[in-house]
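In my numbering, the protein residues as written are 6 to 291.
Quick reminder that beta carbons are idealized off the backbone N, C-alpha and C, glycines included.
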Amino acid sequence: MNWVIASLLMFLSSVALYLFVRRSNQLKTPQQLNNLSMFLIPLIVYIFLAINSGVNLSLSIFHFVIIIIQSVFFSYLGNVFSLRGIEYAPNPGYSLIISKSYVVFTAIASTFLFNSPLTSKSIVAIGMIMLFSAVIMIDKSKDKRESDNRWLPYTIGAFFCAGLLALSTKYLLNLGVPILTRLIYSMLIVTILILSEIRIKKVNLLETSRTQFTNLLMIGLSGAIFMYFMQVGFNLAPNVGYINAVNAGSISLLALTSSLIFKDELNLIKIFGIIGVTIGLILLFI
6 MNWVIASLLM FLSSVALYLF VRRSNQLKTP QQLNNLSMFL IPLIVYIFLA INSGVNLSLS
66 IFHFVIIIIQ SVFFSYLGNV FSLRGIEYAP NPGYSLIISK SYVVFTAIAS TFLFNSPLTS
126 KSIVAIGMIM LFSAVIMIDK SKDKRESDNR WLPYTIGAFF CAGLLALSTK YLLNLGVPIL
186 TRLIYSMLIV TILILSEIRI KKVNLLETSR TQFTNLLMIG LSGAIFMYFM QVGFNLAPNV
246 GYINAVNAGS ISLLALTSSL IFKDELNLIK IFGIIGVTIG LILLFI
């Protein structure tokens, strides 16, 4: 497998993941259960895969400390920061595009940290993906939403958490830590944190309907595929920023499928953005 195939599988599973999350929100499933399904179900899947493939799950103390830092600060808190930034921003798109700009951060940082290549063509491709993603994400009809000044600090926090998660993951891969080993420990730590949050907030797990449960299961399975192939992409790609750019570019297909499934507005401006992102992705792959 090469990095292009891995990133395309990540791309498709990312779209599926957010469609199921969108459906879960329609079903009024508690957010804590959505979060739990994103980590607990992948944990079970990865343990099963590790057992069947004989992956070594032992870690040095140094590696385990890095994974703990990743899981608590970059993954769990990064998700909290992202959700708060979106919630408080005057327009959700403002927060999303700033936080997703970590693509640029990781692409440049990788050249210094890992001697990763960053060609002129790739710079243009990443720039196009980010520019036209902004066109898709920023909804002018929501500009007058009441906002809170805390949205920017939360968004910047999400930006650095996402970037540091990608860079630290690449570092562990370079040290020879197996993908499944890192994922299992990371999923376990975040699952424990989410279960603690559920207990504190007294979310009743028994009130989940069969439809909600099925949808949560699909969130978990699509999330497992997404996170696994993201790691594979990080391991194989010339620069981790390329994988992050493809992930950011998934907003194009998400906009199309959301218009078909949920009847979201798909105007000429968004179509223009989708075309631009697609051209940027093609340029990145060739």
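Counted within 10 angstroms of its Cβ, other Cβ atoms place residue i as buried (16 or more) or exposed
| i | result |
| --- | --- |
| I46 | buried |
| S100 | buried |
| G181 | exposed |
| M235 | buried |
| G59 | exposed |
| S125 | exposed |
| M6 | exposed |
| S115 | buried |
| K207 | exposed |
| S201 | exposed |
| L32 | exposed |
| L211 | exposed |
As assigned by DSSP and simplified to three states, the class of residue i
| i | result |
| --- | --- |
| K207 | coil |
| M135 | helix |
| I143 | coil |
| P95 | coil |
| T124 | coil |
| R187 | helix |
| P44 | Just to set this straight, residue 44 is Phe in the shown sequence, not Pro. DSSP places F44 in helix when its eight states are reduced to three. |
| L246 | Note that residue 246 is Gly in the sequence shown, not Leu. Note: G246 maps to helix in three-state DSSP. |
| L101 | helix |
| K268 | coil |
| P35 | coil |
| T262 | helix |
| L198 | helix |
| I56 | helix |
| V282 | helix |
| R28 | helix |
Own chain partners of residue i with C-beta closer than 6 Å, once the 5 adjacent residues on each side are dropped
| i | result |
| --- | --- |
| W8 | G238, L241, A242 |
| G285 | A130, M133, I134 |
| L41 | I199 |
| S18 | S227, I230, F231 |
| S29 | N39, N220 |
Within 8 Å, strictly: CB atoms of residue i and residue j
| i | j | result |
| --- | --- | --- |
| V282 | S263 | no |
| V77 | L198 | yes |
| N244 | A112 | yes |
| F110 | Y159 | no |
| Y107 | R155 | no |
| S80 | I102 | no |
| F25 | N179 | no |
| T196 | L64 | no |
| I74 | S191 | no |
| A250 | L289 | yes |
| F117 | K175 | no |
| L22 | I224 | yes |
7 Å CB neighbourhood of residue i in its chain, flanking five on each side removed
| i | result |
| --- | --- |
| V20 | S255, L258, L259, T262 |
| S104 | S87, G90, T160, A163, F164, A167 |
| M43 | I224, G225, G228 |
Residues of its chain near residue i, where Cβ-Cβ distance is below 8 Å and the 5 sequence neighbours each way are ignored
| i | result |
| --- | --- |
| T34 | T213, Q217, N220, L221 |
| A55 | L62, L185, T186, I189 |
Cβ distance (whole Å) where residue i is taken to contact residue j below 8 Å
| i | j | result |
| --- | --- | --- |
| L170 | G83 | 6 Å |
| I279 | I143 | With 8 Å as the limit, I279 and I143 do not qualify as a contact, their Cβ atoms being about 14 Å apart. |
| Q37 | I203 | 5 Å |
| R27 | F267 | 6 Å |
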